[in-house]
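Visitor: Would you mind keeping the following structure in view while I ask a few things?
2 protein chains.
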Amino acid sequence: MKRLEALKQKMVMRKKDGILVLNSANLMYLTGFPGSSALLISKDRECIVYSHDVNYEYTKRNASHLEVERIKPGENILKKIVKKAKILEIEDLVLDSATIETWNILSKLSDKNIKLEVDRSLIQDLRKIKSKKEIKQLKKAAELTIKGMQVAAETISSGIKESEVAAEIEYAIRKHDCSSMAFETIVASGKDSAFPHGGFSNKEICKGDVVVVDVGAKYNFYCSDMTRTFVVGKPSEKQKKLLQIINRSQKKALEIIKEGIEANHVDKVVRKMIEKAGYGEYFVHSLGHGVGLEVHEQPILGSKNKDKVTAGNVVTVEPGIYLVDYGGVRIEDTILIKKEGIEKLTDGIHNFELE
Amino acid sequence: MKRLEALKQKMVMRKKDGILVLNSANLMYLTGFPGSSALLISKDRECIVYSHDVNYEYTKRNASHLEVERIKPGENILKKIVKKAKILEIEDLVLDSATIETWNILSKLSDKNIKLEVDRSLIQDLRKIKSKKEIKQLKKAAELTIKGMQVAAETISSGIKESEVAAEIEYAIRKHDCSSMAFETIVASGKDSAFPHGGFSNKEICKGDVVVVDVGAKYNFYCSDMTRTFVVGKPSEKQKKLLQIINRSQKKALEIIKEGIEANHVDKVVRKMIEKAGYGEYFVHSLGHGVGLEVHEQPILGSKNKDKVTAGNVVTVEPGIYLVDYGGVRIEDTILIKKEGIEKLTDGIHNFELE
Chain A
888 MKRLEALKQK MVMRKKDGIL VLNSANLMYL TGFPGSSALL ISKDRECIVY
938 SHDVNYEYTK RNASHLEVER IKPGENILKK IVKKAKILEI EDLVLDSATI
988 ETWNILSKLS DKNIKLEVDR SLIQDLRKIK SKKEIKQLKK AAELTIKGMQ
1038 VAAETISSGI KESEVAAEIE YAIRKHDCSS MAFETIVASG KDSAFPHGGF
1088 SNKEICKGDV VVVDVGAKYN FYCSDMTRTF VVGKPSEKQK KLLQIINRSQ
1138 KKALEIIKEG IEANHVDKVV RKMIEKAGYG EYFVHSLGHG VGLEVHEQPI
1188 LGSKNKDKVT AGNVVTVEPG IYLVDYGGVR IEDTILIKKE GIEKLTDGIH
1238 NFELE
Chain B
888 MKRLEALKQK MVMRKKDGIL VLNSANLMYL TGFPGSSALL ISKDRECIVY
938 SHDVNYEYTK RNASHLEVER IKPGENILKK IVKKAKILEI EDLVLDSATI
988 ETWNILSKLS DKNIKLEVDR SLIQDLRKIK SKKEIKQLKK AAELTIKGMQ
1038 VAAETISSGI KESEVAAEIE YAIRKHDCSS MAFETIVASG KDSAFPHGGF
1088 SNKEICKGDV VVVDVGAKYN FYCSDMTRTF VVGKPSEKQK KLLQIINRSQ
1138 KKALEIIKEG IEANHVDKVV RKMIEKAGYG EYFVHSLGHG VGLEVHEQPI
1188 LGSKNKDKVT AGNVVTVEPG IYLVDYGGVR IEDTILIKKE GIEKLTDGIH
1238 NFELE
């Protein structure tokens, strides 16, 4: 597999002779299927995937390109891994992640023969740049997400419950092959829309409410993420103003974001626009985040990330304004950064006026 | 809150003067709402909940019983926590969980003034015993799960796709107030049912197939878990035999499980029954697991858990047999252990014959 080869090249460059993968999204990325427990990679020799009994047969069927080790009940997976690492003469082992307990056990088992190090960026950096095959899955996930959002636009009306709208959206998505939800749908109306991660309740949507709908379908393990803010009935002057500010902010972000620009710069420009409009303190999250096997992954479009945006990145762009005791507005699209320009993967459905 | 008081009592007993909670299910359990980032508890004084900007207003609204600290962009939450711990004169700080990175940062910040320790069981042990209020939510989740399984029984037929059945099940559950899914529904038919975590695909279900359906609804953050194995059409002699073995095994488990019995003993008895029937090596997972805020939590009914089953435990009982290149069978119910006897929270729907 190309991904494993790319990782091995990175290991050579960084003079590491072994990687132990424990994070489930990283495992999925490198093996191509879910359910394995660990992956041990030596620089120039073997790749061994470890599977607990419950998923062993599934792993064996899918991992024809890898050596599969079965972990039987009572067997200690870390013991098996360290034993193998010693046989493979791994001296510098990089972990993609570890709890303090795992770290302590590995340290003890390794004696002084294996030097351990944790580096979350090693595989994250690879995952940031999507391959053609991944982009295909992400586009399909985005198409399904748009279908769900279309249902939201058709369903939202005075008197329907938030939970009912969420059920209709998810049903429309779930009916399709290989699809599921990337996260629990948010349908937050009225004052509750002021909480960015508001979920949904059994509250009835009322005339005049803003309704923030945040939807993400998953296709073949790849996620998508999209938000629209609807208004039931004729929007008030204030609602119109807020929607205009976030619309313009998002438009600006999509104009300036491109290969080579610093991630924090895009966040900064949008933040300044919203500040200038008088709502700076109410934009309480980063401008965006990477989307792939996980719905929140690298790269983050936020104030702390000085890395450059790169072709192959798939990120959300989602300005929002949240006014406690009033309500919130947010617009979010998932986009692909290309060598030249960008491509919106989610798009359309901008009817803010619903009867 | 009672839970915080119970935890403080445990701290006194174990001579610890501070706890730092970082695990999200533990945070949910102790605060009563989702979305906070950390909770610092001192033995006899304060409880401080830490919230990042994005969830700050939501946390403030829900945490009237706690002191709320806002983490602004760029602020280091661990730095804030250690500073507070020093003010509160915490000398022994127990963490409920930690990555190696978090551990290293906390160690550095604490100097030698705060002794750190990780203990996952401290809060897990509390969570194992469900309160009356929690049991009410779990029962509601179980009711919704049964509704979903009823839809499975009505929907499964020759020619329908696994993904369509899954969509119908989830829609039936999601239509209800405050409900969502505890995990992605499994609808695995034919040979694919041999993989316990098989998910679903776009495959059409055929006459003669076994269909393993594993469903879990969530109600007000509490989970449920239930599996039935259906046969489309008249079951073959082998299918009947396999279904009979797991039915009898589950019945046996439900007969012997009670307050005071060792968890591994129940697993052992069932495993022996399946072994005796000739399928021991094909029962590739533990007999069951705890269910609560997480769908897989403590206590595990497995070979390694010598703890005694206790009144207030809510666990699954789920024997299964998985034959590669043939198919699998599993039956699973979520049950409540009482002072006297048990109560099945999921029940019914045993029609193995469907046209």
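If you're matching them up, the sequences are chains A and B in order.
Reading the first sequence from the start, the letters are residues 888 to 1242 in the numbering used here.
Reading the second sequence from the start, the letters are residues 888 to 1242 in the numbering used here.
Don't be surprised by glycine CBs; every beta carbon is placed ideally from N, CA and C.
Using a 10 Å radius around the Cβ and a threshold of 16 neighbouring Cβ atoms, would you call Arg-1115 (chain B) buried or exposed?
Guide: Position 228 of the second sequence, counted from the start, is the residue given in the question as residue 1115 (chain B). Buried, since its Cβ has 16 or more Cβ neighbours within 10 Å.
Visitor: Which whole runs of the beta strand (DSSP E) in the segment 1087-1157 of chain B are 3 residues long or more, in chain order?
Guide: 1097-1102, 1104-1106, 1113-1119, all fully within the segment 1087-1157 of chain B.
Visitor: Flag Ile-987 (chain A) as yes if its beta-carbon sits less than 8 Å from any beta-carbon of chain E, otherwise no.
Guide: This model lacks chain E altogether, as its protein chains are A and B.
Visitor: Going by CA-CA distance only, name the one from A:Ile-1222, A:Lys-970, A:Ala-1075 that's closest to Val-1178 (chain A).
Guide: One-based indexing of the first sequence puts residue 1178 (chain A) at position 291. Taking only the C-alpha atoms, the option nearest Val-1178 (chain A) is A:Ile-1222.
Visitor: Starting from the beta carbon of Pro-1206 (chain B), find every residue of chain A whose beta carbon is closer than 8 Å, and list them in chain order.
Guide: Taking the first residue of the second sequence as position 1, residue 1206 (chain B) is located at position 319. None at all; the shortest Cβ gap to chain A is about 13 Å.
Visitor: Please classify Ser-1173 (chain A) as buried or exposed, where buried requires at least 16 neighbouring CB atoms within 10 angstroms.
Guide: Position 286 of the first sequence, counting from 1, holds the residue named residue 1173 (chain A). So Ser-1173 (chain A) ends up on the buried side.
Visitor: Whose Cβ in chain B lies nearer than 9 Å to the Cβ of Glu-956 (chain A)?
Guide: Here residue 956 (chain A) corresponds to residue number 69 of the first sequence, with the count starting at 1. Those within 9 Å of Glu-956 (chain A) in chain B number zero; the least Cβ separation is about 15 Å.
Visitor: In angstroms, rounded to a whole number, what distance separates the CA positions of Glu-1242 (chain A) and Glu-1091 (chain A)?
Guide: In the first sequence, the residue the question calls residue 1242 (chain A) occupies position 355. In the first sequence, the residue the question calls residue 1091 (chain A) occupies position 204. For Glu-1242 (chain A), the predicted structure reports a pLDDT of 34, less than 50, and the residue's modelled location is therefore unreliable. A value from the coordinates is still provided. Looking at the two C-alpha atoms, the distance is approximately 15 Å.
Visitor: Does the Cβ-Cβ distance between Thr-1203 (chain B) and Asp-1101 (chain B) come in under 8 Å?
Guide: The residue labelled residue 1203 (chain B) in the question sits at position 316 within the second sequence. The residue labelled residue 1101 (chain B) in the question sits at position 214 within the second sequence. Cβ distance not < 8 Å, so Thr-1203 (chain B) and Asp-1101 (chain B) don't count as in contact.
Visitor: Do Gly-919 (chain B) and Tyr-945 (chain B) have their CB atoms nearer than 8 Å?
Guide: What you label residue 919 (chain B) is simply residue 32 of the second sequence in a count that begins at 1. What you label residue 945 (chain B) is simply residue 58 of the second sequence in a count that begins at 1. No, they are not a contact pair.
Visitor: Using a beta-carbon distance below 8 Å, is Pro-1186 (chain B) in contact with chain A?
Guide: Here the question's residue 1186 (chain B) lines up with position 299 in the second sequence. Closer than 8 Å: no.
Visitor: Can you check whether the C-beta of Pro-1122 (chain B) is within less than 8 Å of a C-beta belonging to chain A?
Guide: Along the second sequence, read from residue 1 onward, the residue named residue 1122 (chain B) stands at position 235. Cβ-Cβ to chain A under 8 Å: no for Pro-1122 (chain B).
Visitor: Could you tell me the boundaries of the beta strand (DSSP E) in which Thr-918 (chain A) lies?
Guide: As a position in the first sequence, residue 918 (chain A) is number 31, starting the count at 1. Run containing Thr-918 (chain A): none in the beta strand (DSSP E); it sits in the alpha helix (DSSP H), 911-918.
Visitor: Short of 7 Å in beta carbon distance, which residues of its chain neighbour Glu-1146 (chain A), apart from the five on each side in sequence? Order them along the chain.
Guide: Here residue 1146 (chain A) is taken as the residue at index 259 of the first sequence, counted from 1. Answer for Glu-1146 (chain A): Val-1196, Thr-1197, Ala-1198, Ile-1224, Lys-1226, listed in chain order.
Visitor: Just to confirm the assignment, what range does the beta strand (DSSP E) spanning Gly-1035 (chain B) have?
Guide: As a working note, residue 1035 (chain B) is residue 148 in the second sequence. Note, Gly-1035 (chain B): premise wrong, no beta strand (DSSP E); alpha helix (DSSP H) at 1019-1042.
Visitor: Considering only the beta carbon of each residue, do Ala-1039 (chain A) and Ile-1056 (chain A) sit closer than 8 Å?
Guide: Residue numbering aside, residue 1039 (chain A) sits at position 152 when the first sequence is read from its first letter. Residue numbering aside, residue 1056 (chain A) sits at position 169 when the first sequence is read from its first letter. Cβ distance < 8 Å, so Ala-1039 (chain A) and Ile-1056 (chain A) count as in contact.
Visitor: Mind reading off the beta-carbon distance from Val-1119 (chain A) to Asp-1096 (chain A)? Whole number of angstroms is fine, and I expect it under 8 Å.
Guide: The residue labelled residue 1119 (chain A) in the question sits at position 232 within the first sequence. The residue labelled residue 1096 (chain A) in the question sits at position 209 within the first sequence. Contact holds; Cβ gap of about 5 Å.
Visitor: Can you name the residues of chain A whose CB is closer than 8 Å to the CB of Gly-1214 (chain B)?
Guide: Mapped onto the second sequence, residue 1214 (chain B) falls at position 327. Near Gly-1214 (chain B) there are no residues of chain A at all, since even the closest Cβ is about 12 Å away, more than 8 Å.
Visitor: For Ala-1054 (chain B) versus Tyr-1109 (chain A), is the C-beta distance shorter than 8 Å?
Guide: Taking the second sequence and counting its residues from 1, one reaches residue 1054 (chain B) at position 167. Taking the first sequence and counting its residues from 1, one reaches residue 1109 (chain A) at position 222. No, these two residues do not count as a Cβ contact at 8 Å.
Visitor: Is there a Cβ from chain B that is less than 8 Å from the Cβ of Arg-1217 (chain A)?
Guide: In the first sequence, the residue the question calls residue 1217 (chain A) occupies position 330. It does not; no Cβ of chain B falls within 8 Å.
Visitor: So which residues of chain A does Ser-1050 (chain B) contact, with C-beta pairs closer than 8 Å?
Guide: The count along the second sequence starts at 1 and reaches residue 1050 (chain B) at position 163. Result: Arg-1061, Lys-1062, His-1063, Asp-1064, Cys-1065, Ser-1066.
Visitor: Rounded C-beta distance between Tyr-916 (chain B) and Arg-1014 (chain B)? I'm assuming under 8 Å.
Guide: Locating residue 916 (chain B) in the second sequence gives position 29, where the first residue counts as 1. Locating residue 1014 (chain B) in the second sequence gives position 127, where the first residue counts as 1. That pair is a contact at about 6 Å.
Visitor: Indicate the three-state DSSP secondary structure (helix, strand or coil) for Leu-1223 (chain A) in the structure shown.
Guide: Here residue 1223 (chain A) is taken as the residue at index 336 of the first sequence, counted from 1. Reduced to three states, the DSSP call for Leu-1223 (chain A) is strand.
Visitor: Output, in sequence order along the chain, the residues in the segment 935-960 of chain B whose CB is closer than 9 Å to any CB in chain A.
Guide: So the list reads His-939, Asp-940, Val-941, Asn-942, Tyr-943, Glu-944, Tyr-945, Lys-947, Arg-948, Pro-960, given in the order they occur along the chain.
Visitor: Do Lys-1106 (chain B) and Gln-1024 (chain B) have their C-beta atoms within less than 8 Å of each other?
Guide: For the purposes of this step, residue 1106 (chain B) is identified with residue 219 of the second sequence, where counting begins at 1. For the purposes of this step, residue 1024 (chain B) is identified with residue 137 of the second sequence, where counting begins at 1. It is Tyr, not Lys, that sits at residue 1106 (chain B) in the sequence shown. Against a cut-off of 8 Å, the Cβ pair of Gln-1024 (chain B) and Tyr-1106 (chain B) comes out as a contact.
Visitor: If you drop the 5 nearest sequence neighbours on each side, which residues of the same chain put their C-beta closer than 6 Å to that of Lys-1193 (chain B)?
Guide: Within the second sequence, the letter at position 306 stands for residue 1193 (chain B). For Lys-1193 (chain B), where only same-chain residues beyond five positions count, the Cβ hits under 6 Å are Glu-1149, Asn-1151.
Visitor: Does the pairing of the segment 1040-1052 of chain A with the segment 1061-1071 of chain A give three or more beta-carbon distances under 8 Å?
Guide: With the cut-off at 8 Å, the segment 1040-1052 of chain A and the segment 1061-1071 of chain A do not touch.
Visitor: If you drop the 5 nearest sequence neighbours on each side, which residues of the same chain put their C-beta closer than 7 Å to that of Ile-1208 (chain A)?
Guide: What you label residue 1208 (chain A) is simply residue 321 of the first sequence in a count that begins at 1. These residues qualify, in order along the chain: Leu-1129, Ile-1132, Ile-1133, Ile-1161, Tyr-1166, Tyr-1169, Phe-1170, Gly-1215, Val-1216.
Visitor: Please tell me whether Asn-1089 (chain B) has its Cβ less than 8 Å away from any Cβ of chain A.
Guide: Residue numbering aside, residue 1089 (chain B) sits at position 202 when the second sequence is read from its first letter. It does: the Cβ of Asn-1089 (chain B) has a partner Cβ on chain A nearer than 8 Å.
Visitor: Leaving aside the five residues before and after Val-1156 (chain B) along the sequence, list all residues of the same chain whose C-beta is less than 8 Å from its C-beta, in chain order.
Guide: As a first step, residue 1156 (chain B) is located in the second sequence; it is residue number 269 there, counting from the start. Cβ neighbours of Val-1156 (chain B) beyond the five flanking positions: Lys-1139, Ala-1140, Ile-1143.
Visitor: Give the DSSP-derived three-state secondary structure of Glu-1242 (chain B) in the structure shown.
Guide: Taking the first residue of the second sequence as 1, we reach residue 1242 (chain B) at position 355. Because the pLDDT of Glu-1242 (chain B) is 34, which lies under 50, any placement of that residue in the model is unreliable, and the question is left without a value.
Visitor: Ordered along the chain, which non-local residues of its own chain (more than five positions away) have a Cβ less than 8 Å from that of Ile-1229 (chain A)?
Guide: Working through the first sequence from its first residue, we reach residue 1229 (chain A) at position 342. Excluding residues within five positions, the ones whose Cβ falls inside 8 Å are Leu-1141, Ile-1144, Lys-1145, Ile-1222, Leu-1223.
Visitor: What does His-1084 (chain B) reach in chain A if we use C-beta pairs closer than 9 Å?
Guide: Here residue 1084 (chain B) is taken as the residue at index 197 of the second sequence, counted from 1. What His-1084 (chain B) touches in chain A: Pro-921, Gly-922, Val-941, Asn-942, Tyr-945.
Visitor: Would you give the residue range spanned by the alpha helix (DSSP H) that Ser-997 (chain A) belongs to?
Guide: Counted from its first residue, the first sequence places residue 997 (chain A) at position 110. Ser-997 (chain A) -> alpha helix (DSSP H) spans 987-997.
Visitor: Distance check for Gln-896 (chain B) and Leu-1009 (chain A), CA to CA, integer angstroms please.
Guide: Taking the first residue of the first sequence as position 1, residue 1009 (chain A) is located at position 122. Taking the first residue of the second sequence as position 1, residue 896 (chain B) is located at position 9. In a straight line, the C-alpha of Leu-1009 (chain A) is about 43 Å away from that of Gln-896 (chain B).
Visitor: Output the boundary residues of the alpha helix (DSSP H) element that contains Ile-1229 (chain A).
Guide: The count along the first sequence starts at 1 and reaches residue 1229 (chain A) at position 342. Careful: Ile-1229 (chain A) lies outside any alpha helix (DSSP H), inside the beta strand (DSSP E) at 1229-1231.
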